[in-house]
């Protein structure tokens, strides 16, 4: 049974959509009043960019913390947005293709900065979601989560905080990975037209699974040898460790959405 909180399913979905424009106090109040006919409990909005998180990786997320000591309210809604990009940036690179090629050949390790500047999410779609070869945005998501927890705890409320998570598209991939690498932190998770988790990202980011795989196969998870292990060989390990999370997550999918119909090679 889904955990009931201050926000219902419709408001959570609307806030996830509005996150792309940057959530404001006015937006949260507007949606709440339209749904419930009254002002929401006191709340604070925490933005990842205000904490200087995601400046290099392109990660962008928001948390809304509702709190009222008298009513025993202490709820946190973490929201992860999906892919954003500026295709004109690629056009500019095309016009300077020779200069771009020289920069890349001199510093191939700086591919994201050279080719994907301003399009970090598209880099993440390829190298994190598809290949599982980069975890920069996932790590920044974890940093953001830790900062949010710290800010919530600083209020010293007597009621234990309850954490919810909503995520769309690319954010769905990261949100699910955040959920399974955060123990029992998140009580209820909604994902909308999500990109699936990547098997190799989970192995690399989940401490217990990482150790199990490294011990069983005699490899280091961060090395390229991990790709010698077929995803099908890893599924049973992941199922055993992560099966309990299934009851916490709800998938909202539009069957006409392109992402929903894609079959990714390393998906979990």
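In full-length UniProt numbering, the protein residues as written are 1 to 268. We put the beta carbon where it would ideally sit given N, CA and C, even for glycine.
Where residue i falls, given that 16 or more other Cβ within 10 Å makes a residue buried
i           : result
residue 224 : exposed
residue 21  : exposed
residue 237 : buried
residue 52  : exposed
residue 145 : buried
residue 159 : exposed
residue 46  : buried
residue 74  : buried
residue 215 : exposed
residue 173 : buried
residue 33  : exposed
residue 234 : buried
residue 188 : buried
residue 263 : exposed
residue 265 : exposed
Start and end residues, alpha helix (DSSP H) containing residue i
i           : result
residue 13  : 9-18
residue 53  : Unbroken run through residue 53: none, as it is neither H nor E.
residue 31  : 25-36
residue 6   : Neither: residue 6 is in no alpha helix (DSSP H) and is coded neither H nor E.
residue 124 : 120-124
residue 147 : 136-153
For residue j and residue i, believed in contact at Cβ under 8 Å, the rounded distance
i           : j           : result
residue 61  : residue 78  : 7 Å
residue 63  : residue 148 : 5 Å
residue 166 : residue 27  : 14 Å between Cβ atoms; not a contact.
residue 65  : residue 199 : Going by Cβ atoms, the distance from residue 65 to residue 199 rounds to 33 Å, so no, they are not a contact pair.
residue 178 : residue 163 : Not a contact, Cβ separation roughly 10 Å.
residue 121 : residue 85  : 6 Å
residue 245 : residue 203 : Not a contact, Cβ separation roughly 16 Å.
residue 170 : residue 129 : 7 Å
Residue range of the beta strand (DSSP E) that includes residue i
i           : result
residue 251 : 249-252
residue 44  : 43-47
DSSP bridge partner residues for residue i (one or two, in chain order)
i           : result
residue 75  : 66, 162
residue 80  : 61, 167
residue 267 : 198
Any chain B beta carbon closer than 8 Å to residue i
i           : result
residue 166 : No chain B is present in this structure, which holds just one protein chain.
| query | For the segment 165-240, which segments carrying the alpha helix (DSSP H) assignment without a break, of at least 4 residues, lie completely within its bounds, in sequence order? | reply | 170-180, 199-205, 207-217
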